[in-house]
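Enquirer: Following this message is one structure expressed as structure tokens.
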Amino acid sequence: MADMKLEGVYKSYGDVEVLHGVDIDITDGEFVVFVGPSGCGKSTLLRMIAGLEDISGGDISISGERVNDKPPADRGIAMVFQSYALYPHMSVRKNMAFGLSIAKLGKAEIKTRVDAAAEKLQLTELLHRRPAQLSGGQRQRVAIGRAIVREPQVFLFDEPLSNLDAALRVNTRLEIAKLHQDLQNTVIYVTHDQVEAMTLADKIVVMNGGNVEQIGSPMDLYHRPANLFVAGFIGSPKMNFLPGTVVSVDGSSIAVQVAGSLSGTVTFDRPGNSCSSGDSITLGVRPEHLTAAGNELSGAVEVVERLGDVSYIYLNLADGERLVIAESGTTEVAPGEKIGCNLDPASLHLFDADGKVVN
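Per the working numbering, the sequence shown starts with residue 3, numbered consecutively.
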């Protein structure tokens, strides 16, 4: 196992800089997820950690040792790819053992490691099969097993669930979580799926446009987003945003006129040190913090998504803004109906004109 430190890491392709000075501390045994939209630089950063991409600047250290110039084989890492990267002409056993054979380990040691990994991943009965005879989930488990047998300090996962259907994705996600609980290795996992990030991570690194937007635990990011991007990216359905204007500010509260509000201003019991009266502001509210009753906001129901235990009500306000409200699955609200809703002031978020949270 190992800790890891990234200090001022950046990456350029010619004159185009794609990573803009990344600083991350990863503790021994931590499960860290890099999450963000396509093109944000998360896979590039993972490949730099693995040694598959050159580092344009900054330092990467594993267990206190700078590894910028070390070849991938000497970094103590093992990588699992989205595409499995299995040899089609080899059995499961030979695929899992291949790297160990290249490293010239003894046959008895190779067999012991492969058998142990196969048992952990429920692959023992499949060791004689070839990849073409396996399901997508089984192939991904073989790829994970091939990484396990190397006994690395750090596991790197590059979108390992992207090729799986929804049911297999959930099952494999659980297997990865249980595997980490069992092995307690340091894991760095890349995904564009915030559900994977929330369910697997000890620490999430949210990336956008080659920058780190915020680092924190899943619940920190969900309840205390640092900016509009994180607030809108983490959570499904995403946070609702409403434009507003600061009416007044004092040492302990902020009064905001919310667009479309029927009841005047909304008052927040928090100091508004970074805003002034008249400033434009964005109010953020999660669907579960809206109630389909009351008169603070009013609109017409566009769609109701019924998922059993919860229903999502899509509400069009008079000024054209749309809200998503999470209600009980038994709600009787129907499309076309006119309803009002109330906000929970204690759970609201405020963002200034630059998109930064107002503390």
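We treat Cβ as the ideally placed atom computed from N, Cα and C, and that holds for glycine.
Where does residue 349 fall in DSSP's three states?
Expert: Looking up residue 349 in the sequence shown gives position 347. Note: residue 349 maps to helix in three-state DSSP.
Enquirer: Identify, in the order they occur along the chain, each residue of the same chain with its Cβ nearer than 7 Å to the Cβ of residue 290, setting aside the five sequence neighbours on each side.
Expert: Translated into the one-based positions of the sequence shown, residue 290 becomes position 288. Taken in chain order, the residues that qualify are 328.
Enquirer: Specify the secondary structure class of residue 1 as computed by DSSP and reduced to three states.
Expert: Residue 1 cannot be examined here, being either before or after the span of the chain that is shown, 3 to 361.
Enquirer: In the DSSP assignment, find the unbroken alpha helix (DSSP H) run with residue 185 in it and report its ends.
Expert: One-based indexing of the sequence shown puts residue 185 at position 183. Run containing residue 185: 168 to 185, per the alpha helix (DSSP H) assignment.
Enquirer: List in chain order: all unbroken alpha helix (DSSP H) runs of 4+ residues lying wholly within the stretch 91 to 154.
Expert: Taking only runs of at least 4 residues, the alpha helix (DSSP H) segments lying wholly in the stretch 91 to 154 are 94 to 104, 109 to 122 and 138 to 150.
Enquirer: Does the Cβ-Cβ distance between residue 417 and residue 255 come in under 8 Å?
Expert: Nothing in the structure corresponds to residue 417, since the chain is present only between 3 and 361.
Enquirer: Taking 8 Å as the cut-off, decide whether the C-beta atoms of residue 309 and residue 343 are in contact.
Expert: By 1-based counting over the sequence shown, the position of residue 309 is 307. By 1-based counting over the sequence shown, the position of residue 343 is 341. No, the Cβ-Cβ distance between residue 309 and residue 343 is not below 8 Å.
Enquirer: Pull up the CB-CB distance for residue 138 and residue 170, whole angstroms please, since I reckon it's below 8 Å.
Expert: Indexing the sequence shown from 1 puts residue 138 at position 136. Indexing the sequence shown from 1 puts residue 170 at position 168. Residue 138 to residue 170, Cβ: 6 Å. Contact.
Enquirer: Based on Cα-Cα distance, which residue from 27, 34, 19 and 231 lies nearest to residue 201?
Expert: Sequence index remark: in the sequence shown, residue 201 carries index 199 (1-based). In terms of CA proximity to residue 201, 34 leads the group 27, 34, 19 and 231.
Enquirer: Indicate whether residue 119 and residue 98 have their beta-carbon atoms separated by less than 8 Å.
Expert: If you number the sequence shown from 1, residue 119 lands on position 117. If you number the sequence shown from 1, residue 98 lands on position 96. Against a cut-off of 8 Å, the Cβ pair of residue 98 and residue 119 comes out as a contact.
Enquirer: Using only alpha-carbon positions, find the residue among 340, 257, 88 and 241 that is nearest to residue 132.
Expert: Position 130 of the sequence shown holds residue 132. It is 88 whose Cα lies nearest to the Cα of residue 132.
Enquirer: Tell me the DSSP secondary structure of residue 283 in three-state form.
Expert: Reading the sequence shown from its first residue, position 281 is the one you call residue 283. In the structure shown, residue 283 sits in a strand (DSSP, three-state: E or B).
Enquirer: Would you check if the distance between the CB atom of residue 318 and the CB atom of residue 22 is smaller than 8 Å?
Expert: Here residue 318 is taken as the residue at index 316 of the sequence shown, counted from 1. Here residue 22 is taken as the residue at index 20 of the sequence shown, counted from 1. No, they are not a contact pair.
Enquirer: If you run the structure through DSSP and keep just helix, strand and coil, what is residue 194?
Expert: Taking the first residue of the sequence shown as 1, we reach residue 194 at position 192. Coil at residue 194, not helix or strand.
Enquirer: Report the rounded CA-to-CA distance for residue 250 versus residue 267, giving the unit in angstroms.
Expert: Within the sequence shown, residue 250 is the residue found at index 248, counting from 1. Within the sequence shown, residue 267 is the residue found at index 265, counting from 1. About 10 Å.
Enquirer: Report back the beta-carbon spacing between residue 151 and residue 187 to the nearest angstrom; my notes put them in contact at under 8 Å.
Expert: The residue labelled residue 151 in the question sits at position 149 within the sequence shown. The residue labelled residue 187 in the question sits at position 185 within the sequence shown. Actually they do not touch by this definition, with Cβ atoms about 13 Å apart.
Enquirer: Tell me where the alpha helix (DSSP H) around residue 220 begins and ends.
Expert: Position 218 of the sequence shown, counting from 1, holds the residue named residue 220. First-last of the alpha helix (DSSP H) with residue 220: 220 to 225.
Enquirer: Going by other Cβ atoms of all chains shown within 10 Å of its Cβ, with 16 needed for buried, is residue 61 buried or exposed?
Expert: For this step, residue 61 is matched to residue 59 along the sequence shown. Flag for residue 61 reads exposed.
Enquirer: Residue 185: which of 176, 153 and 163 sits nearest, CA to CA?
Expert: Here residue 185 corresponds to residue number 183 of the sequence shown, with the count starting at 1. For the residues 176, 153 and 163, the minimum Cα distance to residue 185 belongs to 153.
Enquirer: Looking only at its own chain, which residues have a Cβ that is under 7 Å from the Cβ of residue 179, when we skip the five neighbours before and after it?
Expert: Indexing the sequence shown from 1 puts residue 179 at position 177. So the qualifying residues of the chain are 202.
Enquirer: For the alpha helix (DSSP H) that residue 47 lies in, which residues bound it at each end?
Expert: Counting from 1 along the sequence shown, the entry for residue 47 is found at position 45. Per DSSP, residue 47 belongs to the alpha helix (DSSP H) from 44 to 52.
Enquirer: Taking all protein chains shown into account, do 16 or more other C-beta atoms lie within 10 angstroms of the C-beta of residue 160, making it buried, or fewer, making it exposed?
Expert: Numbered from its first residue, the sequence shown carries residue 160 at position 158. Classification of residue 160: buried, given that the 10 Å Cβ count is 16 or more.
Enquirer: Please classify residue 114 as buried or exposed, where buried requires at least 16 neighbouring CB atoms within 10 angstroms.
Expert: Translated into the one-based positions of the sequence shown, residue 114 becomes position 112. When all chains shown are included, residue 114 counts as exposed.
Enquirer: Along the alpha helix (DSSP H) that carries residue 234, what are the first and last residues, could you check?
Expert: The count along the sequence shown starts at 1 and reaches residue 234 at position 232. Residue 234 -> alpha helix (DSSP H) spans 230 to 235.
Enquirer: Measuring straight from C-alpha to C-alpha, what distance separates residue 322 and residue 307?
Expert: Start at 1 with the first residue of the sequence shown, and residue 322 comes out as number 320. Start at 1 with the first residue of the sequence shown, and residue 307 comes out as number 305. Approximately 20 Å, taken between the alpha carbons.
Enquirer: Put residue 311 into one of helix, strand or coil per three-state DSSP.
Expert: Here residue 311 is taken as the residue at index 309 of the sequence shown, counted from 1. Three-state result, residue 311: coil.
Enquirer: Mind checking whether residue 284 and residue 245 have CB atoms under 8 Å apart?
Expert: As a first step, residue 284 must be located in the sequence shown, where it is residue number 282. As a first step, residue 245 must be located in the sequence shown, where it is residue number 243. Cβ distance < 8 Å, so residue 284 and residue 245 count as in contact.
Enquirer: For residue 90 and residue 167, what's the separation of their Cα atoms in angstroms?
Expert: Numbered from 1 along the sequence shown, position 88 holds the residue referred to as residue 90. Numbered from 1 along the sequence shown, position 165 holds the residue referred to as residue 167. C-alpha separation (whole angstroms): 22 Å.
Enquirer: Quick check: what's the CA-CA separation for residue 287 versus residue 218?
Expert: As a position in the sequence shown, residue 287 is number 285, starting the count at 1. As a position in the sequence shown, residue 218 is number 216, starting the count at 1. Note on geometry: alpha-carbon atoms of residue 287 and residue 218 lie some 20 Å from one another.
Enquirer: Look at residue 192 and residue 149 and say whether their C-beta atoms are less than 8 Å apart.
Expert: For the purposes of this step, residue 192 is taken as residue 190 along the sequence shown, with counting starting at 1. For the purposes of this step, residue 149 is taken as residue 147 along the sequence shown, with counting starting at 1. No, Cβ-Cβ distance for residue 192 and residue 149 is not below 8 Å.
Enquirer: Should residue 128 go down as buried or exposed, given a rule of 16 or more other Cβ atoms within 10 Å for buried?
Expert: Along the sequence shown, one-based indexing puts residue 128 at 126. Classification for residue 128: buried.
Enquirer: Short check: CB of residue 177 to CB of residue 143, under 8 Å?
Expert: As a first step, residue 177 must be located in the sequence shown, where it is residue number 175. As a first step, residue 143 must be located in the sequence shown, where it is residue number 141. Yes, they are a contact pair.
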